[in-house]
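Asks:
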Amino acid sequence: MKPLEHILVDSFGLTQEDVQEAVALQAEKEQTQGKTQGHGVQAQALGEALLQQNKISEPELLQAIGLQCGLEVRTKLPLFPSPFFTDKVSIGFLKRFKMMPIATPDEAFIALADPAYFQQLDDLQRIVDWEGIQTILAPAEEILAAINSAYDRSSQGAADQVLQDIDEDDPEALLSEIEETADLLDDTSDAPVIKLVNLILSQAVRDGASDIHVEPYKDRVKIRKRVDGILYDMLTPQKHVQAKLISRIKIMAKMDIAEKRLPQDGRIEIRIADKNIDLRVSSLPTAFGERIVMRLLDKSNVLLSLEQLGMSSRDLDLLMKLIKAPHGIVLVTGPTGSGKTTSLYSALSVLNQPDVNIITVEDPIEYQINGISQVQVNAKIDLTFANGLRTIVRQDPDIILVGEIRDIETADMAIQAALTGHLVFSTLHTNDAASAVTRLIDMGVEPFLVSSSVNAIMAQRLVRKICPHCREAYRPEPESLQLLDLPPEFDNRDLYLGRGCDECLHTGYQGRLGIYELMVLSENIRSIILTTSDAGQIKREALADPENPMFTLRMDGLRKVLAGVTTLEEIFRVT
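Here our numbering is used: the first residue of the sequence shown is 224, the next is one more, and so on.
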């Protein structure tokens with residue numbers, strides 16, 4: 224077998240000096256760790272050293288190892304391989320040795336990331352009865368993703384079986400804890416109630432759910448998930464499952480399982496496949512038992528940039544100017560779950576520079592951002608938005624984020640901060656941008672303070688996007704367009720909808736984006752606020768503003784319908 228360093232020099236443009244430097248680095252590492260390595264592992268270690276020094280890319284290293292071993296290299300693996308092997312091989316074995324048997328209708332092979340594990344490869348071939356099958360090389364990330372996908376999908380059909388396994392007396396099951404950061408797909412517990420909870424969580428994460436509801440009724444328990452803002456049924460177990468299921472969730476969330484009469488809150492941190500998930504758990508006593516809602520936050524989700532939020536280019540340019548103002552308040556309004564926090568975090572990530580001091584006070588902290596000091600509201604010790612804000616102002620901030628303006632005290636503090644030279648971001652629960660002014664004045668804020676401190680108000684909603692896999696064009700009936708009173712741009716235009724497929728759970732929609740209504744407070748609007756708090760009048764002025772006319776939520780939504788991103792039904796549902 225030709226040594227790896229010779230292949231790298233001959234075929235991949237490395238010099239002898241590059242290789243010697245990497246060998247020296249590896250020898251030094253071995254010395255500090257006090258161990259020597261076999262030839263196969265040595266070759267792999269040399270590759271890792273060259274990767275560390277950026278002398279070679281990962282695909283090139285894989286190609287070189289493929290040439291050395293005479294193995295075909297593939298950079299991509301099938302998305303949904305058959306999970307035929309999941310009851311024969313443990314997920315831990317495959318993850319540890321980074322190998323995976325892959326069967327599709329067209330081909331079968333074993334994907335391997337490191338040829339040094341040839342003995343384990345023989346074991347795997349024997350276990351799945353695939354002796355002599357083709358072996359190929361693939362990147363470790365691709366193999367791990369395929370392993371997670373297979374084990375995740377093999378658990379889908381198991382829920383009904385688990386429900387049958389749960390019997391009345393299984394008290395030990397509840398006390399078997401899973402490790403906080405253990406991967407739920409690795410959990411091999413036999414206790415049916417633990418299996419059931421793990422299945423519910425992994426299925427919800429796979430489907431991109433934001434919430435899981437456990438709802439007890441007279442003779443059944445209903446388990447539902449919220450995907451893209453809509454609730455769907457998951458399971459309907461028998462009534463006798465209720466006590467164990469709820470106790471298991473409460474144990475995981477470190478809640479008091481003996482207290483069934485008072486509402487409680489808890490948290491669970493888990494890992495499912497390659498995702499770290501934070502669950503906020505809330506229990507509420509009802510007539511038929513405790514109702515539990517779990518809010519899922521995917522910690523591995525990267526923050527969206529402002530450009531990815533779905534704003535029109537005009538609104539995006541306006542918002543970029545507004546968030547770079549030296550002082551004033553920018554308010555984001557909308558109902559719960561309309562993406563307000565995500566928009567504000569995206570704005571903060573633009574402003575998050577080493578020369579700026581940003582402090583937030585939130586309830587709860589949804590994303591942790593490096594370089595920003597984030598304070599968690601805690602009502603039990605009287606750390607409210609107002610008290611937190613009072614202290615933040617003394618911490619020499621340039622930019623402040625207040626999670627929500629709920630009362631006159633918080634509103635007054637935010638306005639004072641804006642008037643004393645700070646840029647303040649916050650949220651309000653109102654239906655549109657103009658109503659935010661009315662809401663502040665109703666709270667008790669003086670109109671002249673609103674007009675002098677607020678720079679802009681942005682209302683937003685989330686609409687579901689048409690699934691790209693089953694999107695198709697259609698021509699709506701002229702009568703229905705007239706009935707909906709749509710603008711003339713819709714005449715004789717193709718619109719789009721999702722037919723429904725496996726990718727989108729047969730809903731026709733996949734993912735969401737925002738629709739926006741951005742109202743910049745011009746001089747005219749400021750003077751109107753001094754004389755009236757009538758939202759209708761403020762809105763009419765904003766729509767007619769000669770410099771930056773406001774587009775309403777519905778107008779922005781209809782533009783996205785014309786662009787083929789969402790449907791008319793979706794816009795009329797949320798606006």
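Beta carbons are placed, not taken as given, at the ideal position from N, Cα and C, and that holds for glycine.
Rounded C-beta distance between S425 and L519? I'm assuming under 8 Å.
Replies: About 11 Å separates the two Cβ atoms, so there is no contact after all.
Asks: Using beta-carbon positions only, say whether I325 and P306 come within less than 7 Å of one another.
Replies: No, they are not a contact pair.
Asks: Figure out for me which residue from N371, K448, Q465 has the closest Cα to the Cα of D430.
Replies: Looking at the Cα atoms, K448 is the closest of the given residues.
Asks: Mapping DSSP to helix, strand and coil, what is M478?
Replies: Residue state, collapsed to three classes: coil.
Asks: Candidates G721, A361, Q343: which alpha carbon is nearest I689's?
Replies: Selected option, being the one with the closest Cα: G721.
Asks: Kindly identify the DSSP beta-bridge partner or partners of Y440.
Replies: According to DSSP, Y440 bridges with nothing at all.
Asks: Which of the three DSSP states is assigned to E391 in this structure?
Replies: Its pLDDT being 44, under 50, E391 is placed unreliably by the model, and nothing is read from it.
Asks: Under the three-state reduction of DSSP, which class applies to T755: helix, strand or coil?
Replies: In the structure shown, T755 sits in coil (DSSP, three-state: anything other than H, G, I, E or B).
Asks: What do you get for T298, buried or exposed, if any count of 16 or more other CB atoms within 10 angstroms of its CB means buried?
Replies: T298 comes out exposed.
Asks: For a quick check, are the C-beta atoms of Q343 and F308 less than 7 Å apart?
Replies: No, the pair does not count as a contact, with Cβ atoms beyond the cut-off.
Asks: How is Q239 classed by DSSP in three states: helix, strand or coil?
Replies: Looking at Q239 - three-state DSSP - the assignment turns out to be helix.
Asks: Using the rule of at least 16 other Cβ atoms within 10 Å of the residue's Cβ for burial, across every protein chain shown, is R494 buried or exposed?
Replies: When all chains shown are included, R494 counts as buried.
Asks: On the three-pair Cβ rule with 8 Å, is the stretch 474-488 touching the stretch 435-446?
Replies: Segments in contact, no.
Asks: Around the Cβ of P415, are there at least 16 other Cβ atoms within 10 angstroms (buried) or fewer (exposed)?
Replies: P415 comes out buried.
Asks: Report the CB separation of L791 from R716 in whole angstroms; it is logged as a contact under 8 Å.
Replies: About 11 Å; that fails the 8 Å criterion.
Asks: Can you look up V312 in the DSSP assignment and give me helix, strand or coil?
Replies: In the structure shown, V312 sits in coil (DSSP, three-state: anything other than H, G, I, E or B).
Asks: Report the rounded CA-to-CA distance for H645 versus V579, giving the unit in angstroms.
Replies: Going by the C-alpha atoms only, they are around 11 Å apart.
Asks: Do you know whose CA, among I546, I230, P460, lies nearest S649's CA?
Replies: Per the Cα distances, I546.
Asks: Report yes if the C-beta distance between A369 and M323 is below 7 Å; otherwise report no.
Replies: Cβ distance < 7 Å, so A369 and M323 count as in contact.
Asks: At 4 residues or longer, and completely inside the stretch 269-300: list those alpha helix (DSSP H) runs for me, N to C.
Replies: You should have 281-292.
Asks: Residue ranges of each alpha helix (DSSP H) run of no fewer than 4 residues wholly in the stretch 546-590, ordered along the chain?
Replies: For the stretch 546-590, whole alpha helix (DSSP H) runs of length 4 or above, ordered along the chain, are 563-574.
Asks: Which same chain residues, not among the five before or five after M742, have their C-beta less than 6 Å away from its C-beta?
Replies: Cβ within range, chain order: A656, I680, A765, M773.
Asks: Starting from the C-beta of V625, find all residues in its chain whose C-beta is less than 7 Å away, skip the five residues before and the five after it, and write them out in chain order.
Replies: Closer than 7 Å at the Cβ level, and outside the excluded window around V625, lie V584, F608, L612, T633, A637, V647, S649.
Asks: Under the rule that 16 or more other beta-carbon atoms within 10 Å means buried, what is K603, buried or exposed?
Replies: That one is exposed.
Asks: Alpha carbon to alpha carbon, how far is C693 from G787?
Replies: C-alpha separation (whole angstroms): 13 Å.
Asks: Assign E402 to buried or exposed, taking buried as 16 or more other Cβ atoms, counted over all protein chains shown, within 10 Å of its Cβ.
Replies: Note that E402 has pLDDT 43, beneath the 50 cutoff, so the model's placement of it is unreliable and no number is given.
Asks: For L221, which residues does DSSP report across the bridge?
Replies: Residue 221 is absent from the model: the chain starts at 224 and stops at 798.
Asks: Give me the Cβ distance between P691 and S756, rounded to the nearest whole Å; I'm assuming they're in contact under 8 Å.
Replies: Actually they are not in contact, since the Cβ atoms of P691 and S756 sit about 44 Å apart, beyond 8 Å.
Asks: Within 6 Å: the Cβ of G759 and any heavy atom of the ligand NAP?
Replies: Absent from the structure shown: the ligand NAP. Ligands present: none.
Asks: Classify L341 as buried or exposed, calling it buried when 16 or more other Cβ atoms lie within 10 Å of its own Cβ.
Replies: Before going further, note that residue 341 is Phe rather than Leu in the sequence given. Exposed is the call here.
Asks: Return helix, strand or coil for K688, following the three-state DSSP convention.
Replies: K688: strand per DSSP, three-state reduction.
Asks: Using the C-alpha atoms, what's the distance from T358 back to L290?
Replies: Roughly 13 Å between the two C-alpha positions.
Asks: Thinking Y739 and D538 are a contact (beta carbons under 8 Å), I'd like their distance in whole angstroms, please.
Replies: Contact flag correct, Cβ pair sits at about 6 Å.
Asks: I need the DSSP call for R882, collapsed to helix, strand or coil.
Replies: Residue 882 lies beyond the stretch modelled for the chain, which goes from 224 to 798, so this question has no answer here.
Asks: Which residues mark the beginning and the end of the alpha helix (DSSP H) in which E695 is found?
Replies: Counting along the chain, E695 falls outside any alpha helix (DSSP H), though it belongs to the beta strand (DSSP E) covering 694-697.
Asks: Is DSSP giving F204 helix, strand or coil here?
Replies: Lying before the first or after the last residue shown, residue 204 is absent from the chain, which here runs from 224 to 798.
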